[in-house]
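Participant: Top line first, the protein sequences correspond to chains A and B. Per this note's numbering, residue 1 is the first one in the first sequence, and the count goes up by one each step. Per this note's numbering, residue 1001 is the first one in the second sequence, and the count goes up by one each step. Structure provided below as structure tokens; questions to follow.
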Amino acid sequence: MICCKECLDLLYDYSEGTLPKETAASLEEHFSDCPPCISFLKTYKATTVISRKSIKADEIPEAVQERLRDFVQNLKKP
Amino acid sequence: MLNDGIYRMPSEDKEHEEQLVREFQAGNLEVFEEIASIFQRQIYSLAFNLTRNQMDAEDVAQDVLLTLYRKIHTFQGKSAFSSWVYRITLNASYMKLRSKKKDKFVPIEETFPAFNNSGYHQEKIKDWSESADSLTFSNETRENIGNAVEQLPEKEKVVFILRDVDGLSTEKVGEILDLSIPAVKSRLHRARLFLRKKLSNYFEEYYSKETQKK
Chain A
1 MICCKECLDL LYDYSEGTLP KETAASLEEH FSDCPPCISF LKTYKATTVI SRKSIKADEI
61 PEAVQERLRD FVQNLKKP
Chain B
1001 MLNDGIYRMP SEDKEHEEQL VREFQAGNLE VFEEIASIFQ RQIYSLAFNL TRNQMDAEDV
1061 AQDVLLTLYR KIHTFQGKSA FSSWVYRITL NASYMKLRSK KKDKFVPIEE TFPAFNNSGY
1121 HQEKIKDWSE SADSLTFSNE TRENIGNAVE QLPEKEKVVF ILRDVDGLST EKVGEILDLS
1181 IPAVKSRLHR ARLFLRKKLS NYFEEYYSKE TQKK
């Protein structure tokens, strides 16, 4: 059976769903008997979701948008 | 994408963008406003995520728009125009970050998990994944996560922002940064491990304070 250290190397492809079936199965076999690795996997996946939610700047603040618009309009002036 | 009130499929968007670029290169300066309006969110968002500062992001956005206005004739169409814009934004953001040099980076490997000689986890791994989600609404948590992202080394940070925050494909990130797919994956994995550790430290401290309060 694979060890935790080997799991770590496979974690990226496993979480992206790009691991070959057989390798994914041996990883899952390890998970079934290793609570620390399950916690690690869950927190590894959550890291992406939580970070994206926390830092994503979806909208430009209105005042900034206005200044950028003015800036672009001024570029055309000779 | 809704730029001029017309809905277009992504492939049509790309075609429309490239048409605008060709028109601008041919001397029609009027289309620049539309080019700027299409790309300014992408530019500002990446600049903000890299600098974590609104004023810096605005400065970077202006620099990038100016560069696009002046240098668009040098765009040769070897990659997608959006990739070219991403690269200019990255360079401008790096210039801004270098001008405010910070020395608070820790070696990324120090945040990777430790294993014993048999290859098993050495430290206790707590699962904060389910309870932490609700905490992302708090300003303190968002600030802490923002700080953790800011501490990522540049190489890992940019891959994390483009792929995990902006949601670009691995292939697109490779094109923008001129990296192979395995290199993108490796940097992203390292970034996630670094952030996982930082988030673990933060949430464990948060929950232990909460327990003490009770």
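Ideal placement from N, C-alpha and C gives every residue a C-beta, glycine not left out.
Can you tell which of B:K1078, B:L1050, B:Q1040, B:S1093 has the C-alpha that lies nearest to the C-alpha of A:R69?
Facilitator: Taking the first sequence and counting its residues from 1, one reaches residue 69 of chain A at position 69. Of B:K1078, B:L1050, B:Q1040, B:S1093, the residue nearest in Cα terms is B:Q1040.
Participant: What residue ranges within the region 1056-1087 of chain B form continuous beta strand (DSSP E) runs of no fewer than 3 residues, ordered along the chain?
Facilitator: As far as the region 1056-1087 of chain B is concerned, it has no whole beta strand (DSSP E) run of at least 3 residues.
Participant: Establish whether the CB of A:L19 and some CB of chain B are separated by less than 8 Å.
Facilitator: Here residue 19 of chain A is taken as the residue at index 19 of the first sequence, counted from 1. A:L19 does not count as touching chain B.
Participant: Give me the Cα-Cα distance between B:K1100 and B:E1110, rounded to the nearest whole angstrom.
Facilitator: In the second sequence, the residue the question calls residue 1100 of chain B occupies position 100. In the second sequence, the residue the question calls residue 1110 of chain B occupies position 110. The straight-line gap from Cα to Cα measures roughly 25 Å.
Participant: I'd like to confirm the pairing. Which residues does DSSP put opposite B:H1121 in its beta bridges?
Facilitator: By one-based count along the second sequence, residue 1121 of chain B stands at place 121. Beta-bridge pairing links B:H1121 to B:F1115.
Participant: Please report the straight-line C-alpha distance between B:D1059 and A:V72, rounded to a whole angstrom.
Facilitator: Position 59 of the second sequence holds residue 1059 of chain B. Position 72 of the first sequence holds residue 72 of chain A. Near 13 Å, if we compare the C-alpha coordinates of A:V72 and B:D1059.
Participant: Which term fits B:A1114, buried or exposed, when burial requires 16 or more other beta carbons within 10 angstroms of its beta carbon?
Facilitator: As a working note, residue 1114 of chain B is residue 114 in the second sequence. Counting Cβ neighbours within 10 Å, B:A1114 comes out exposed, since fewer than 16 surround it.
Participant: Closest Cβ-Cβ distance between A:L10 and chain B: below 8 Å?
Facilitator: Stepping through the first sequence from its first residue, residue 10 of chain A is reached at position 10. So no, A:L10 is outside the interface.
Participant: Can you list the residues of chain A that B:Y1069 reaches, using a CB-CB cut of under 7 Å?
Facilitator: As a working mapping, residue 1069 of chain B is identified with position 69 in the second sequence. Per Cβ cutoff of 7 Å: L75.
Participant: Do B:S1045 and A:A57 have their CB atoms nearer than 8 Å?
Facilitator: The residue you call residue 1045 of chain B lines up with position 45 of the second sequence. The residue you call residue 57 of chain A lines up with position 57 of the first sequence. In contact: B:S1045 and A:A57 (Cβ atoms closer than 8 Å).
Participant: Can you tell me whether B:L1177 is helix, strand or coil according to DSSP?
Facilitator: Locating residue 1177 of chain B in the second sequence gives position 177, counting from the first residue. Correct three-state label for B:L1177: helix.
Participant: Taking Cβ-Cβ distances below 8 Å as the criterion, which residues of the region 38-56 of chain A are in contact with chain B?
Facilitator: Listed by position along the chain: I38, S39, F40, K42, T43, Y44, K45, A46, T47, T48, V49, I50, S51, R52, K53, S54, I55, K56.
Participant: Hey, would you say B:K1155 sits closer than 8 Å to B:T1170, going by beta carbons?
Facilitator: Counting from 1 along the second sequence, the entry for residue 1155 of chain B is found at position 155. Counting from 1 along the second sequence, the entry for residue 1170 of chain B is found at position 170. Cβ atoms of B:K1155 and B:T1170: not closer than 8 Å.
Participant: Using CA coordinates, which residue listed in A:E66, A:E16, A:L75, A:C7 is at the minimum distance from A:P36?
Facilitator: Looking up residue 36 of chain A in the first sequence gives position 36. Closest by alpha carbon: A:C7.
Participant: Less than 8 Å separating the beta-carbons of B:L1162 and B:I1181?
Facilitator: As a working note, residue 1162 of chain B is residue 162 in the second sequence. As a working note, residue 1181 of chain B is residue 181 in the second sequence. No, they are not a contact pair.
Participant: Give a yes or no on whether the minimum CB-CB distance between A:L68 and chain B is below 8 Å.
Facilitator: Residue numbering aside, residue 68 of chain A sits at position 68 when the first sequence is read from its first letter. It does; some Cβ of chain B falls within 8 Å.
Participant: Between which two residues does the alpha helix (DSSP H) holding B:S1138 run?
Facilitator: One-based indexing of the second sequence puts residue 1138 of chain B at position 138. That residue, B:S1138, is in no alpha helix (DSSP H); it is neither H nor E in DSSP.
Participant: Name the chain B residues that come within less than 7 Å of A:F31, Cβ to Cβ?
Facilitator: As a working mapping, residue 31 of chain A is identified with position 31 in the first sequence. Near A:F31 there are no residues of chain B at all, since even the closest Cβ is about 12 Å away, more than 7 Å.
Participant: Within 8 Å (strictly less), CB to CB, does A:E6 reach chain B?
Facilitator: Taking the first sequence and counting its residues from 1, the one referred to as residue 6 of chain A is at position 6. For A:E6, the answer is yes, since a Cβ of chain B falls inside 8 Å of its Cβ.
Participant: Are the region 1048-1058 of chain B and the region 1019-1033 of chain B touching, with three or more C-beta to C-beta distances below 8 Å?
Facilitator: No contact exists between the region 1048-1058 of chain B and the region 1019-1033 of chain B.
Participant: Whose Cβ in chain A lies nearer than 7 Å to the Cβ of B:L1195?
Facilitator: Looking up residue 1195 of chain B in the second sequence gives position 195. The contacting residues are T47, S51.
Participant: Tell me the residue span of the alpha helix (DSSP H) that contains A:C34.
Facilitator: By one-based count along the first sequence, residue 34 of chain A stands at place 34. Element bounds for A:C34: n/a, residue is neither H nor E.
Participant: Rounded to whole angstroms, what is the Cα-Cα separation between B:K1126 and A:A24?
Facilitator: The sequence position of residue 1126 of chain B within the second sequence is 126, counting from 1. The sequence position of residue 24 of chain A within the first sequence is 24, counting from 1. Distance between the alpha carbons of B:K1126 and A:A24: 23 Å.
Participant: Using the Cα positions of B:L1002 and A:E59, report the straight-line distance between them to the nearest angstrom.
Facilitator: Taking the second sequence and counting its residues from 1, the one referred to as residue 1002 of chain B is at position 2. Taking the first sequence and counting its residues from 1, the one referred to as residue 59 of chain A is at position 59. Low confidence applies to B:L1002: its pLDDT is 39, below 50, so where it sits in the model is not reliable, and the reading given next is rough at best. Their backbone Cα atoms lie some 14 Å apart in a straight line.
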